[in-house]
Structure formats: C-alpha cells, structure tokens
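With the working numbering applied, the sequence shown covers 7 to 244.
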Amino acid sequence: LWFVYVQGKKAGFDPNRLLDAAFWIILVSLVGAKLVLLFGHFSFYLHNPSELVSLARSGGVFQGGLTFGVIFAILYFRHKHIPLWPVSDLIAPAIALGHAFGRLGCFSAGCCYGRSCSLPWGAVFKNEYAHELTGIPLNTPLHPVQLYEAILNFLNFLVLFLVFKRKKFAGQVFSLYIINYSVIRFFTEYFRGDHDESTYVISGGSALTSLSLPQLYCLISLVAGLALYFILRQRKSD
C-alpha cells in the first residue's frame, strides 16, 4: 500500500482513490484465495469448516487470489473511471513485493514447504505445532522453496520497478509481472513437497516429469501475459 500511495502520487493519481481501490482488490483477492482453497480441499473443509477462516493453517491459494483480484480490478476500474493499464502498471510491482514478504511468512510458518534436500542449505524444521498445522516433515532437510520464491519475487519487484520508470507503453509493467511470475512459480513448483497426488495433472516418476495444477495455471498465464504484452505494444505503435 505504501508503494502504491507514494508512486501513485508521483505519477499524478489521486492517492486516496488508489488506496480505496487497493483495499477492495486485496479483500476480494483474499476471498478468492480462500474459495480456491475450499474447492481444492472440499472434503477437509466440509468436516472442518472453521479452518477455512483460520490464518494459522492457511491463508489461501495465491493464484486463486490473483485471478479473482485481477478480474475484480478490471471491473472496479471501469466502474470508477480509473485508467486500467496505467494503474495496473503501478500496482504490479507492489504485488511482487508483497508476495515476496508473504513467502517469508510461509517459511516462518512452515507452510508451502519443499521436497527433501541434500544440499548444504537444506532447512530443518523442528516445531511440532508447525507440523500439526501444515504437515511439514520435521527433522528432515527440505528445500527452502519459500525462500527461493521470496528471493525471485524481490528480484521481480526490482525489475518491474525499473521498467515502470522507463516503460514504453501502458500495460507493459503489468504484463511483464504476469510473465515473470508465471516463470518463477513454474520453476519453484519443482521444489514443492506439500502437494498430494490430486494436485498433479501429470504424475511422473519425478518432479521433472510431472505437471502440477499450479504449473498448468502458469503455462496458461504465461501465454496470456505474452499475448497481452504484444497486443498492448502493437496498440501503442499504431
């Protein structure tokens, strides 16, 4: 929110209108993340409905929140006569920055954990409460995949911020965010260890020969991001 406020003011937008928009977008994104979580684990939440509103167990599915947030933002901006692509360019780096800090939170909580790791930087969790809440294996070196994604999202933020300062057309930063995030998430999925069999579209003998639902989402969003980038660039040149 701080980034949107400061950069929005510098860009000549009414910062209060931007904060109002950001508030509603965040709220809808949280609801969307929870809904996708519910659909993905319907049986569990049917028998444990209170866990759906528990931040201790899970905050939701980021890709679901992103999808709901983007759809709502498009409708909200049109209704409030807010320029869609210029403001989307402003918000995109903030999403990457917030996501990076969110993954640090995931690492602290032990959720979204990685596969077994034989490398020197393997993370070992020993907290019984974390195991009870997230199912994370204890006393076993795991890939700190949350930190992998946090670092990549911080880098994504820096790239997007630099592009934002020098962008050639409206929508460039937002479309680059979609492209970059799709690549980041597709890559880090190979190190995730918290997925069950129902998460995979293709279940091979190893992570590299498998395709998870989040990776399928990434392939679709990558194509969409590339298409959006070239369409908006062509529109600018015309």
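Beta carbons: idealized from backbone N, C-alpha and C, even for Gly.
Requested in this report: From the DSSP output, in three-state form, read off V165 for me.
Outcome: helix
Report task. Under 7 angstroms Cβ to Cβ from Y154, same chain only, skipping five residues before and after it: list those, please. Result -> T194 and F197
Query raised in the report: Should L158 and V179 be called a contact, given that it needs their Cβ atoms to be closer than 7 angstroms?
Result: no
Query raised in the report: In or out: L33 buried (at least 16 other Cβ within 10 Å) or exposed?
Result: exposed
Query raised in the report: Between P147 and A129, what straight-line distance do the alpha-carbon atoms span, to the nearest angstrom?
Result: 5 angstroms
Requested in this report: Assign I237 to buried or exposed, taking buried as 16 or more other Cβ atoms, counted over all protein chains shown, within 10 Å of its Cβ.
Outcome: exposed
Report task. Express the C-alpha separation of L36 and L25 in angstroms, rounding to a whole number. Result -> 16 angstroms
Query raised in the report: Are Y206 and S218 touching if we call contact CB-CB under 7 angstroms?
Result: yes
Query raised in the report: Is the segment 122–142 in contact with the segment 85–100, if contact means three or more CB pairs nearer than 8 angstroms?
Result: no
Requested in this report: Please determine, among F19, A233, K242 and R239, the residue with the shortest C-alpha to C-alpha distance to I88.
Outcome: F19
Query raised in the report: Hey, quick one: how far does the beta strand (DSSP E) through I208 stretch, first residue to last?
Result: Y206 to I208
**Report entry** Whole-number beta carbon distance between C224 and R191, since they are thought to touch under 8 angstroms
**Finding:** 5 angstroms
**Report entry** Beta carbon of F131 nearer than 7 angstroms to that of I142
**Finding:** yes
Requested in this report: Confirm, please, whether the CB-CB distance from Q152 to R109 is below 7 angstroms.
Outcome: yes
Query raised in the report: Per DSSP, L217 is paired with what?
Result: I208
Query raised in the report: Going straight from the alpha carbon of D200 to that of F107, what length do you get?
Result: 20 angstroms
Query raised in the report: Considering I18, what are the terminal residues of the alpha helix (DSSP H) in which it resides?
Result: Reading off the sequence shown, one finds Gly at residue 18, where the question assumed Ile. Looking at the DSSP string, G18 is not in any alpha helix (DSSP H), and its letter there is neither H nor E.
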